[in-house]
Amino acid sequence: MEHTAIDTALAGAVRDADVPILPMVVDRLLRPDPADDPDGRLTEDGRQVGHALRRLVAGDLAGLFDGPSTVRFDPSLPMVSLDLSRVTENSTLISVLMTCSSAWMEAALLDPNGGRRWVVYDEAWRLMSHPALLRRMDAHWRLARHYGLANLLVFHKLTDLENVGDAGSANRALANSLLANAETKIVYRQETDQLGPTAVALGLTGTERRLLPGLGTGQGLWRIKDRAFVVQHQLHPAELAAFDTTARMTGKG
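Each number in my numbering comes from the position in the sequence shown (counting from 1) with 20 added on.
So, in structure tokens, the structure goes:
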């Protein structure tokens, strides 16, 4: 029933404005047009979801979702990056932001004429900790070949997966399955306390495990199915400048 209330409110906002925004939808949920709600049932059905969405307009999340978009999503660009670094401490905000941005991303990712694409999830455990986002990632994995996608998960350490659901939970199992199904695994230098969990999670041999603490900067152990290689990665100076994560420490940023 609340779906009807949302549909009616959204249709009214779209009808009355060239650029419908969330406050218009919230207002119509809490105060429907009398012509749409002659017996008051629509008001009752939409009250709970209306107050939930109002938090994005007038509550602690105000200012992010209550106006026209300041960014034009252009799927024709060679790269699109969604920077969540300023909201990493607010798990609710990350969940809402990713839910909204996923609609943008999927418009490009699921376009049959969009070509082949990389989808990179940095700090992947943070997104995986939200069940709805984890299920969406799982769907992208399952449909990757159909849509021409290559998915890349990035972790600082594999024990971060312990933040995804409770031990033995469906969410933890789903997160581990995404990792297990990866055909290519790239591991950089690991501290001693991470060697055991990393070796178990990735199925490394004893030799591969012993290599990890001695890897230098830019060196990675590439595990491609059942074959392993130690690779020295080379960066063009322009790439190094763009991806130098120590710039502020060294005074170059």
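Just so you know, even glycine gets a beta-carbon here, dropped at the ideal spot from N, CA and C.
Computed from a predicted model, the values in this text were never measured in an experiment.
Problem - Cβ-based neighbour list, residue 136, same chain, cut-off 6 Å, excluding 5 preceding and 5 following - result: Taking the first residue of the sequence shown as 1, we reach residue 136 at position 116. Correct list, in chain order: 168.
Practice task
Could you check what DSSP says for residue 271 in three-state terms: helix, strand or coil?
Solution key: Sequence index remark: in the sequence shown, residue 271 carries index 251 (1-based). The answer is coil: DSSP assigns residue 271 none of H, G, I, E or B.
Problem - Endpoints, alpha helix (DSSP H) assigned at residue 191 - result: Position 171 of the sequence shown, counted from the start, is the residue given in the question as residue 191. Counting along the chain, the alpha helix (DSSP H) containing residue 191 begins and ends at 190-200.
Practice task
Taking 7 Å as the cut-off, decide whether the C-beta atoms of residue 95 and residue 128 are in contact.
Solution key: In the sequence shown, the residue the question calls residue 95 occupies position 75. In the sequence shown, the residue the question calls residue 128 occupies position 108. It is a contact, given that the beta carbons lie within the stated cut-off.
Exercise for the section: Identify which residue in 217, 221, 211 and 218 has its Cα closest to the Cα of residue 236. Expected result: Taking the first residue of the sequence shown as 1, we reach residue 236 at position 216. For the residues 217, 221, 211 and 218, the minimum Cα distance to residue 236 belongs to 211.
Practice task
Would you mind reading off the limits of the beta strand (DSSP E) that contains residue 173?
Solution key: As a position in the sequence shown, residue 173 is number 153, starting the count at 1. Segment 169-173, the beta strand (DSSP E) holding residue 173.
Exercise for the section: Rounded to whole angstroms, what's the CA-CA distance from residue 200 to residue 232? Just pull it up for me. Expected result: As a first step, residue 200 must be located in the sequence shown, where it is residue number 180. As a first step, residue 232 must be located in the sequence shown, where it is residue number 212. Approximately 19 Å, taken between the alpha carbons.
Handout entry: For residue 172, the nearest candidate out of 80, 204, 113 and 125 (CA to CA)
Key = Residue 172 sits at position 152 when you count from the first residue of the sequence shown. The shortest Cα separation from residue 172 among 80, 204, 113 and 125 belongs to 204.
Practice task
Specify, as a first and last residue, the run of the beta strand (DSSP E) that residue 163 falls within.
Solution key: Within the sequence shown, numbered from 1, the residue matching residue 163 stands at position 143. Counting along the chain, residue 163 falls outside any beta strand (DSSP E), and DSSP gives it neither H nor E.
Problem - Cβ-Cβ distance between residue 144 and residue 178 below 7 Å - result: In the sequence shown, residue 144 corresponds to position 124, counting from 1. In the sequence shown, residue 178 corresponds to position 158, counting from 1. In this structure, residue 178 does not lie closer than 7 Å to residue 144 by Cβ.
Handout entry: At least three beta-carbon pairs within less than 8 Å, the region 148-157 to the region 177-193
Key = yes
Exercise for the section: Work out the CA separation of residue 166 and residue 240 for me, nearest whole Å. Expected result: To locate residue 240, count along the sequence shown from 1; it is residue 220. To locate residue 166, count along the sequence shown from 1; it is residue 146. Rounded to whole angstroms, residue 240 to residue 166 spans 30 Å at the Cα level.
Problem - Where residue 239 sits in the DSSP three-state scheme - result: Numbered from 1 along the sequence shown, position 219 holds the residue referred to as residue 239. Strand, per DSSP.
Practice task
For the beta strand (DSSP E) holding residue 207, just list the boundary residues, first then last.
Solution key: What you label residue 207 is simply residue 187 of the sequence shown in a count that begins at 1. Residues 204-207.
Handout entry: Best match in 227, 156 and 265 for proximity to residue 248 [C-alpha to C-alpha]
Key = Within the sequence shown, residue 248 is the residue found at index 228, counting from 1. Among 227, 156 and 265, the Cα nearest to that of residue 248 belongs to 227.
Practice task
Compute the distance between the beta-carbons of residue 360 and residue 34, then report whether it is under 7 Å.
Solution key: Given a span of 21 to 273 for the chain in the structure shown, any question on residue 360 remains unanswerable.
Practice task
Below 8 Å CB to CB, which residues in the same chain sit around residue 68 once its five sequence neighbours on both sides are set aside?
Solution key: As a first step, residue 68 is located in the sequence shown; it is residue number 48 there, counting from the start. Cβ neighbours of residue 68 beyond the five flanking positions: 22.
Handout entry: Residues bridged to residue 114 [DSSP beta-bridge criterion]
Key = Walking along the sequence shown from the start, residue 114 turns up at place 94. Note: residue 114 sits in no beta bridge, so no partner.
Handout entry: Three-state class that DSSP yields for residue 137 in the structure shown
Key = Within the sequence shown, the letter at position 117 stands for residue 137. In the structure shown, residue 137 sits in a strand (DSSP, three-state: E or B).
Practice task
Compare the Cα-Cα distances from residue 116 to each of 105, 142 and 76 and report the closest residue.
Solution key: Residue numbering aside, residue 116 sits at position 96 when the sequence shown is read from its first letter. The residue with the shortest Cα to Cα distance from residue 116 is 76.
Problem - Check whether residue 62 and residue 25 have beta carbons under 7 Å apart - result: As a first step, residue 62 is located in the sequence shown; it is residue number 42 there, counting from the start. As a first step, residue 25 is located in the sequence shown; it is residue number 5 there, counting from the start. Yes, they are a contact pair.
Exercise for the section: Measure the Cβ-Cβ separation of residue 83 and residue 46 and say whether it is below 7 Å. Expected result: Within the sequence shown, numbered from 1, the residue matching residue 83 stands at position 63. Within the sequence shown, numbered from 1, the residue matching residue 46 stands at position 26. No; because the gap between Cβ atoms is not below 7 Å, this pair is not in contact.
Handout entry: Pairwise C-alpha distance: residue 38 and residue 55
Key = Counted from its first residue, the sequence shown places residue 55 at position 35. Counted from its first residue, the sequence shown places residue 38 at position 18. Distance between the alpha carbons of residue 55 and residue 38 is about 22 Å.
Handout entry: Bridge partners - residue 249, DSSP secondary structure assignment
Key = Counted from its first residue, the sequence shown places residue 249 at position 229. Paired residues: 242.
Handout entry: residue 220, DSSP secondary structure in three states
Key = In the sequence shown, residue 220 corresponds to position 200, counting from 1. If DSSP states are grouped into helix, strand and coil, residue 220 belongs with the helices.
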